[in-house]
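Enquirer: Handing you this structure, nothing more for now.
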Amino acid sequence: MSRRSLLLVAVAVLGLSRLLQGCATAPPDSEVSATAAAVLKSSFKDQGQARLDRLDQDDTQKACSLPAGKTVPKDVAGRIEQENLATIRWPADGRYVGDWKNGEKIAQEGRGMQYSDDPKAAAGANCYACHQLAPQELSFGTIGPSLYQFGKRRGYSDDTRKYAYGKIFNAEAYSACTNMPRFGHKGILTEAQIKDVVALLVDPDSPVNK
Amino acid sequence: MSVPLIALFALALLPASVLAQGSAVDEIAKYRAALQDGNPAELWEARGEGLWKSPRGPKNVSLERCDLGLGPGVVKGAYAQLPKYFADADRVQDLETRLVFCMVTFQGFTDAEAKKGPFGGPGRKSDLEALVAYVAGQSRGVKMNVSQAHPREQEAYRLGEKMFYYRGGTHDFACATCHGDDGKRIRLQDLPNLSSTEGARKAYTTWPAYRVSQGELRTFQWRLNDCFRQQRFPELVYASDASIALTMFLARNANGAAFDAPAIKR
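Residue numbers (the numbering used here), protein chains in the order written: chain A, 213 to 422; chain B, 85 to 350.
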C-alpha cells in the first residue's frame, strides 16, 4: 500500500469516528422522551386538586404522545382499543339513556378538574368546546365532528345507545389516540351524567335530533 | 368609554340566537379590529423602561449591565433572539428567566424576591410583566432569529417538542390536542396550529399581549401557565426548565417572522 493510500485510509477512519461522535452527542429519541418526562415532573407543582401524579402517563397516553404527522401503528392501535374497551363499566340496570335536559347542561359546562375549579362541584363534559350539538347553540368548537342529528342519522337503536355510552365512557376503546377524553374511565363524569349526555345525543325529543 | 370597550359591550348585547354563525364571527372580527386602535400595553412598556433604567435592589444598580444576548444593556432586538444559552448562567434562558438571573446577580435580590408576583392581578402590579413589555417592545419589527448553535439549545428544542406532544392528566390532553391542526376552534375561539411554521409564527410573535378580558399585560410564561391549567395539569413553575424548553420549541419555529408585540387580545 502506497503512502498516499494509507493517508486516504487514515482520513476516512478519522472522518468515520467524527461522524460516530456526532451521532453520539444527539441522544436517541426514546432517551429524549424519558428526559422530557423527568424535566416535566420537576417543572410543575401540586395546585388544588391537580397533583403531580397527573403527569404520570398510562400506556395509552404514552403510546399516543406522537409528533405531528405520525399515526400509531396498527397493532398498537388494536391493543390500545382492546385495553380501553375492557375498562368500560356498563350500567348495571342495562339502561344507557337518562335526561337530555340535564345532558344539555353537562354538555355546556366547561368547569371541572382544573386546579382553579371547586373539587366538590360536579365536573362538566364541555362537549360544545369541540362539537356541534343542538343547532340553537352557535358557539361550538370544531376539534371533534358535528354531532347534530346523531340519533336521527344513526337510528334510534339499542346499538346506537350502547355505542354512545361506551364512547363517552372511554373513547380510546373505539378510536386509538383520539383527542376525546375518557370521561368515565378517568372519573370525570358519573354513570348518571354519562346517561344524561347519551340522552342528549339519542333521545328523539332532544334538540340535537330536531 | 373607549372604542374597544363599547365594542365589547355591544357584542355582549347581541342575542346569539338571532345571529347566523357567520355574522357572529364577523362581529368578533370587528371587535378585534377595534381593539387595535389603542393598546394599553404602552403603559406597561413605559413602566418597564423605568424599572430597567432605575437603580434598584440591595446593590442599587440598574439592569443596564444585564446581557440579554446582544451585549450588556442592549435591549433593541434582544427578545427576537431568545431563548438562548448563556454561559454565565450555564443554562438556556428565556427573557423572564434571564431577567430574574440579572436581578439576582447584579441587583442583589434573592431568587424568591425576583420571582415574587410574576403575574399581576387586581391591586397588584407585576414588575416582571412591565419589564417584559418594555424589552419585547424593543423587538417590534425585528425578525425572529432564535439560535440552535449550542448543543444545549438543540437539547432544549428537542425536549420542548416532546413536551408539546406529551399527553397526560385527567383529560389526556397535550398542547397538540388543541394546537396540532389547522382551522380548529374551541367554541368560537380560533386555535393556532403551533406545529406548523405559519401557526407558530403568528402566535409567538404576538406575545406578550394586553388581555382586554383581564385588564393585564400577559407574558409568554403566563400563556404557558394558563394553557396547562386548562389542560388539567398541575401548575407550571415560573421559569422552570419545561417552560423554557417549550418556549424554545415555539420561538424557534417562529424564526424568520417579524416580531409584533406587545399585542392586544380579547
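Using N, Cα and C, we set each Cβ at its ideal position, and we do this for glycine too.
#1: CA-CA distance, B/VAL176 and B/GLY244?
#2: Looking only at C-alpha atoms, which of B/ARG149, B/LYS200 and B/SER231 sits nearest to B/TYR169?
#3: Between the alpha carbons of B/ALA341 and A/VAL410, how many angstroms are there, rounded?
#4: Any chance the region 302–319 of chain B sits against the region 226–242 of chain B, with 3 or more Cβ pairs inside 8 angstroms?
#5: Beta-carbon of A/GLN294 versus every beta-carbon of chain B: anything under 8 angstroms?
#6: Distance, Cα to Cα, B/LYS349 vs B/ALA117?
#7: Output yes or no for whether 8 angstroms exceeds the beta carbon distance between A/SER255 and B/ASP325.
#8: Along the region 232–263 of chain B, where does the CB come closer than 9 angstroms to a CB of chain A? Name the residues.
#9: I'd like to know if B/ALA198 contacts chain A, where contact means its C-beta is closer than 8 angstroms to some C-beta of that chain.
#10: Check the Cβ-Cβ distances between B/GLU111 and every residue of chain A, and say whether any is below 8 angstroms.
#11: Would you check if the distance between the CB atom of B/SER146 and the CB atom of B/PRO139 is smaller than 8 angstroms?
#12: Output the distance between the C-alpha atoms of B/GLU126 and B/PHE343, rounded to the nearest integer angstrom.
#13: Against chain D, does A/ASN314 count as a neighbour if the rule is that its beta carbon must be under 8 angstroms from one of theirs?
#14: Determine the contact status of B/ALA347 and B/THR290, defining contact as a CB-CB distance below 8 angstroms.
#15: Under the rule that 16 or more other beta-carbon atoms within 10 Å means buried, what is A/ALA250, buried or exposed?
#16: Is the shortest distance between the beta-carbon of A/GLY234 and the beta-carbons of chain B less than 8 angstroms?
#17: From the beta carbon of A/ALA298, is the nearest beta carbon of chain B less than 8 angstroms away?
#18: Who are the near neighbours of A/GLY356 in its chain, counting only those whose CB is closer than 6 angstroms to its CB and skipping five residues on each side?
#19: In or out: B/ALA91 buried (at least 16 other Cβ within 10 Å) or exposed?
#20: What residues in the region 292–318 of chain B have a beta carbon less than 9 angstroms from any beta carbon of chain A?
#21: What does a CB cutoff of less than 6 angstroms around A/GLY315 pick up in its chain, not counting 5 residues either side in sequence?
#22: Have a look at A/THR372 and A/VAL414 and give me their C-alpha separation to the nearest angstrom.
#23: Count the other C-beta atoms from every protein chain shown that fall within 10 angstroms of the C-beta of B/SER297, then say buried if there are 16 or more, exposed otherwise.
#24: By the 10 Å Cβ neighbour count, where 16 or more other Cβ atoms means buried, how is B/PRO202 classified, buried or exposed?
#25: By Cβ distance below 7 angstroms, which residues in the same chain neighbour B/ARG236 in space, the five residues on each side in sequence not counted?
#26: Go ahead and pull the three-state DSSP assignment for B/VAL156.
#27: Measure from the alpha carbon of B/ILE328 to the alpha carbon of each residue in B/ASN339, B/ALA345 and B/LEU308, then state which is nearest.
#28: On the CB-based measure, 16 or more other CB atoms within 10 Å of its CB, does B/ASP256 come out buried or exposed?
#29: Please compile the residues from chain A whose C-beta is within a distance smaller than 7 angstroms of the C-beta of B/ARG271.
#30: Under DSSP, the alpha helix (DSSP H) around B/LYS82 begins and ends at which residues?
Expert: Let me lay it out:
#1: To locate residue 176 of chain B, count along the second sequence from 1; it is residue 92. To locate residue 244 of chain B, count along the second sequence from 1; it is residue 160. Just so you know, the alpha carbons of B/VAL176 and B/GLY244 end up roughly 12 angstroms apart.
#2: Indexing the second sequence from 1 puts residue 169 of chain B at position 85. Comparing Cα-Cα distances from B/TYR169 to each of B/ARG149, B/LYS200 and B/SER231, the minimum goes to B/SER231.
#3: Within the second sequence, numbered from 1, the residue matching residue 341 of chain B stands at position 257. Within the first sequence, numbered from 1, the residue matching residue 410 of chain A stands at position 198. Their Cα atoms are separated by approximately 46 angstroms.
#4: No, the region 302–319 of chain B does not touch the region 226–242 of chain B.
#5: Along the first sequence, read from residue 1 onward, the residue named residue 294 of chain A stands at position 82. It does not; no Cβ of chain B falls within 8 angstroms.
#6: For the purposes of this step, residue 349 of chain B is identified with residue 265 of the second sequence, where counting begins at 1. For the purposes of this step, residue 117 of chain B is identified with residue 33 of the second sequence, where counting begins at 1. Between the alpha carbons of B/LYS349 and B/ALA117 lies a distance of about 10 angstroms.
#7: If you number the first sequence from 1, residue 255 of chain A lands on position 43. If you number the second sequence from 1, residue 325 of chain B lands on position 241. Yes.
#8: Within the region 232–263 of chain B, the residues whose Cβ lies closer than 9 angstroms to some Cβ of chain A are PRO235, GLN238, GLU239, ARG242, LEU243, GLY244, GLU245, LYS246, MET247, PHE248, TYR249, TYR250, ARG251, GLY252, GLY253, THR254, HIS255, ASP256, PHE257, ALA258, ALA260, THR261 and CYS262, listed in chain order.
#9: One-based indexing of the second sequence puts residue 198 of chain B at position 114. In terms of beta-carbon proximity, B/ALA198 stays away from the interface with chain A, with every pair separated by 8 angstroms or more.
#10: Numbered from 1 along the second sequence, position 27 holds the residue referred to as residue 111 of chain B. Residue-level contact by beta carbon fails for B/GLU111 and chain A, as no gap is shorter than 8 angstroms.
#11: For the purposes of this step, residue 146 of chain B is identified with residue 62 of the second sequence, where counting begins at 1. For the purposes of this step, residue 139 of chain B is identified with residue 55 of the second sequence, where counting begins at 1. Yes. Within cutoff.
#12: By one-based count along the second sequence, residue 126 of chain B stands at place 42. By one-based count along the second sequence, residue 343 of chain B stands at place 259. Approximately 16 angstroms, taken between the alpha carbons.
#13: The question asks about chain D, but that chain is absent: this structure's protein chains are A and B.
#14: Looking up residue 347 of chain B in the second sequence gives position 263. Looking up residue 290 of chain B in the second sequence gives position 206. Closer than 8 angstroms, so yes.
#15: Taking the first sequence and counting its residues from 1, the one referred to as residue 250 of chain A is at position 38. Burial state of A/ALA250 is exposed, judged by a 10 Å Cβ sphere holding fewer than 16 other Cβ atoms.
#16: In the first sequence, counting from the first residue as 1, residue 234 of chain A sits at position 22. Interpretation of A/GLY234 is limited by its pLDDT of 49, a score under 50 that renders its predicted location unreliable; the figure taken from the coordinates is listed afterwards. Cβ-Cβ to chain B under 8 angstroms: no for A/GLY234.
#17: Position 86 of the first sequence, counted from the start, is the residue given in the question as residue 298 of chain A. Cβ-Cβ to chain B under 8 angstroms: no for A/ALA298.
#18: The count along the first sequence starts at 1 and reaches residue 356 of chain A at position 144. The beta carbon of A/GLY356 lies closer than 6 angstroms to those of CYS342 and HIS343 in the same chain, with the five residues before and after it left out.
#19: The count along the second sequence starts at 1 and reaches residue 91 of chain B at position 7. Reliability of the predicted coordinates at B/ALA91 is poor, the pLDDT of 44 falling under 50, and the value obtained from them is presented with this limitation in mind. Residue environment: B/ALA91 is assigned as buried (16 or more neighbouring CB atoms within 10 Å of its CB, all protein chains considered).
#20: Of all residues in the region 292–318 of chain B, those with a C-beta nearer than 9 angstroms to a C-beta of chain A are PHE312, ARG313, GLN314, GLN315, ARG316, PHE317 and PRO318, reading in chain order.
#21: Residue numbering aside, residue 315 of chain A sits at position 103 when the first sequence is read from its first letter. The residues are ASP408, VAL409, ALA411 and LEU412.
#22: The count along the first sequence starts at 1 and reaches residue 372 of chain A at position 160. The count along the first sequence starts at 1 and reaches residue 414 of chain A at position 202. Answer to the nearest angstrom: the Cα atoms are 8 angstroms apart.
#23: Along the second sequence, one-based indexing puts residue 297 of chain B at 213. Exposed: under 16 other Cβ atoms inside 10 Å.
#24: For the purposes of this step, residue 202 of chain B is taken as the residue at position 118 of the second sequence. Buried, by the Cβ-count rule.
#25: Translated into the one-based positions of the second sequence, residue 236 of chain B becomes position 152. Within the same chain, and ignoring the five residues on either side of B/ARG236 in sequence, the residues whose Cβ sits closer than 7 angstroms to its Cβ are TYR169 and VAL176.
#26: Position 72 of the second sequence holds residue 156 of chain B. Residue identity check: residue 156 of chain B is Pro in the sequence provided, not Val. Looking at B/PRO156 - three-state DSSP - the assignment turns out to be strand.
#27: One-based indexing of the second sequence puts residue 328 of chain B at position 244. Residue B/LEU308 holds the alpha-carbon nearest to the alpha-carbon of B/ILE328 among B/ASN339, B/ALA345 and B/LEU308.
#28: Locating residue 256 of chain B in the second sequence gives position 172, counting from the first residue. The C-beta of B/ASP256 has 16 or more other C-beta atoms within 10 Å across all chains shown, which makes the residue buried.
#29: Residue numbering aside, residue 271 of chain B sits at position 187 when the second sequence is read from its first letter. Near B/ARG271 (Cβ distances below 7 angstroms), the residues of chain A are TYR340, ALA341, SER351, PHE352 and GLY353.
#30: No information on residue 82 of chain B is available, as it lies outside the stretch 85 to 350 that chain B covers here.
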